[in-house]
Amino acid sequence: MSNEQPILEVTGVVVAFGAVVAVNQVSVTVPRGVVCGLIGPNGSGKTTFLGAISRFVPVQGGSIAFEGVDITKSPPYKVSAAGMSRTFQAMHLLDRMTVRENVMAGVDFRLAPRTLVRSWLDVRHALKSQRAAAKLADQALERVGMSGYGDVSPAELPYGMQRRVEIARALAVGPKLLLLDEPVAGMNDEERREISQLVRELRGEGLTQILVEHDLATIHRVCDMAYVLNFGEVIAQGTPAEVVDLPAVREAYLGHASLADSGEFAFPAAVSAEPAEPGHGDDSSKGVNSDAATARP
Ligand code: ADP
Ligand code: MG
Numbered sequence: 185m186s187n188e189q190p191i192l193e194v195t196g197v198v199v200a201f202g203a204v205v206a207v208n209q210v211s212v213t214v215p216r217g218v219v220c221g222l223i224g225p226n227g228s229g230k231t232t233f234l235g236a237i238s239r240f241v242p243v244q245g246g247s248i249a250f251e252g253v254d255i256t257k258s259p260p261y262k263v264s265a266a267g268m269s270r271t272f273q274a275m276h277l278l279d280r281m282t283v284r285e286n287v288m289a290g291v292d293f294r295l296a297p298r299t300l301v302r303s304w305l306d307v308r309h310a311l312k313s314q315r316a317a318a319k320l321a322d323q324a325l326e327r328v329g330m331s332g333y334g335d336v337s338p339a340e341l342p343y344g345m346q347r348r349v350e351i352a353r354a355l356a357v358g359p360k361l362l363l364l365d366e367p368v369a370g371m372n373d374e375e376r377r378e379i380s381q382l383v384r385e386l387r388g389e390g391l392t393q394i395l396v397e398h399d400l401a402t403i404h405r406v407c408d409m410a411y412v413l414n415f416g417e418v419i420a421q422g423t424p425a426e427v428v429d430l431p432a433v434r435e436a437y438l439g440h441a442s443l444a445d446s447g448e449f450a451f452p453a454a455v456s457a458e459p460a461e462p463g464h465g466d467d468s469s470k471g472v473n474s475d476a477a478t479a480r481p
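In structure tokens:
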């Protein structure tokens with residue numbers, strides 16, 4: 185186990201929308217270099233949690249440290265500039281812009297001139313920034329296997345590719361931590377596998393990721409560790425294999441544990457059909473204690 189500082193340390197975070205406590209005293213620690221799954225039934229607070237740590241959503245309690253720096257009170261653009269980048273559960277692409285321009289929207293804030301364009305120098309700076317942003321966008325598109333699609337409208341692309349464009353946009357800023365909110369939702373099996381592979385490749389390049397996902401097979405395929413939320417609270421944590429075996433998790437997911445035992449639970453078959461991917465399960469260097477699976481009452 186390494187003593188390296190975790191990239192993200194969330195302690196007792198609370199988010200309430202009026203009377204609804206969407207995230208209740210959630211503590212999550214993400215070591216550097218892992219893919220951390222965040223699973224739980226619909227409405228369990230996963231998206232709200234991502235919103236809280238990326239500072240899009242106000243928190244009523246707790247603290248969030250990113251790279252050892254307290255960001256609990258930081259605005260989203262500062263968190264983004266510090267290296268935390270996210271995709272959204274609902275697609276946020278603009279059809280009137282090209283794919284490249286959509287991806288550039290993710291980097292513009294970093295490269296745009298700080299002053300209004302008043303002088304020739306500013307114009308030149310703006311053009312240079314535009315070109316630099318376009319280059320970063322093209323690199324990000326290439327990274328998600330979509331070079332050559334920069335000039336088309338997202339509307340012309342199949343759904344799976346649109347989601348890749350979103351990932352490219354999040355990657356274009358060169359993040360240290362990538363938050364993916366249900367990136368494979370609505371995808372067919374082949375698209376799921378491709379995105380899973382992309383996540384594993386990015387991990388291989390050292391990018392830490394938090395993957396919100398409903399599909400347990402995908403979690404098992406790509407994650408080193410996972411937290412389980414239910415009604416806004418962490419009910420379990422550990423390796424994916426450990427957490428899906430916990431009765432509390434099965435119950436939260438399926439309503440009752442007996443369904444899981446009756447064989448109707450598709451998870452084990454879906455996973456065993458999958459060849460093990462290189463590096464998967466190799467937690468030893470990542471500070472993930474595989475004995476650490478816990479279920480909280
Ligand atoms: P998940 O992503 O796990 O499906 P969410 O984080 O979207 O769950 O939602 C958690 C809870 O918070 C739900 O009860 C949801 O209705 C509520 N909620 C989420 N966003 C808002 C909001 N902007 N205003 C009011 N309630 C919200
Ligand atoms: Mg959600």
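Everything in the sequence shown is counted per the numbering used here, starting at 185 for the first residue and increasing by one.
Heads up, the beta-carbon is just placed ideally off N, CA and C, and yes, glycines get one too.
On a predicted model such as this, the values are computed, not experimentally measured, just so you know.
Name the one or two DSSP bridge partners that S269 has.
L362
Taking Cβ positions, are V243 and V199 nearer each other than 7 Å?
yes
Just checking F272 against the ligand ADP - is the residue's beta carbon closer than 6 Å to any of the ligand's heavy atoms?
no
Which of the three DSSP states, helix, strand or coil, is assigned to T195?
strand
What does DSSP give as the partner residues of M409 in its beta bridges?
C220
According to DSSP, is Q346 part of a helix, a strand, or is it coil?
helix
Who are the near neighbours of A265 in its chain, counting only those whose CB is closer than 6 Å to its CB and skipping five residues on each side?
none
Report yes if the CB atom of V328 is closer than 7 Å to the CB atom of R348, and no otherwise.
yes
Output the distance between the C-alpha atoms of Q314 and G246, rounded to the nearest integer angstrom.
39 Å
Would you mind stating whether V433 and A425 have Cβ atoms separated by less than 7 Å?
no
Check each residue's C-beta against every heavy atom of the ligand ADP and list, in chain order, those closer than 6 Å.
F201, V204, A206, G224, N226, G227, S228, G229, K230, T231 and T232
On a Cα-Cα basis, can you pick out the residue from P190, T232, G217 and F201 that is closest to V210?
T232
Could you check what DSSP says for G370 in three-state terms: helix, strand or coil?
coil
Using only the alpha-carbon positions, how far apart do P215 and L192 sit?
7 Å
Measuring only the C-alpha atoms, how far is A352 from I255?
25 Å
So, for E461: in the same chain, excluding its five sequence neighbours on each side, which residues have a beta-carbon less than 6 Å away from its beta-carbon?
The predicted position of E461 is uncertain, since its pLDDT is 43 and thus under 50; a value taken from the coordinates is nonetheless stated next. Hits under 6 Å: R384.
Could you give the DSSP three-state label for T423: helix, strand or coil?
coil
What's the call for A274, buried or exposed, on a 16-neighbour Cβ count within 10 Å?
exposed
If I follow the unbroken beta strand (DSSP E) through G235, where does it start and stop?
Note, G235: premise wrong, no beta strand (DSSP E); alpha helix (DSSP H) at K230 to I237.
Using 8 Å as the threshold, is the stretch 249–263 in touch with the stretch 275–285, meaning 3 or more CB pairs across them?
no
Sorted by chain position, which residues of the same chain lie with C-beta nearer than 7 Å to V406's C-beta, five sequence neighbours on each side aside?
V219, S380, V383, R384 and L395
Spatial neighbours of P484 in its chain, beta-carbon cut-off 8 Å, leaving aside the 5 residues before and after:
The structure shown has nothing for residue 484, since the chain only spans 185 to 481.
Roughly how many whole angstroms lie between the Cα atoms of A441 and V428?
Summary for A441: the model assigns pLDDT 47, below 50, so the residue's position carries little reliability, and this model does not support an answer.
Reference M268, options S258, G370 and D335, closest by Cα
S258
Within its chain, find whatever has a CB closer than 6 Å to the CB of R387; leave out the 5 residues flanking it on each side and keep chain order.
V219
Starting from V207, trace the beta strand (DSSP E) both ways and give me its first and last residue.
V204 to V214
Between which two residues does the beta strand (DSSP E) harbouring V396 extend?
T392 to V396
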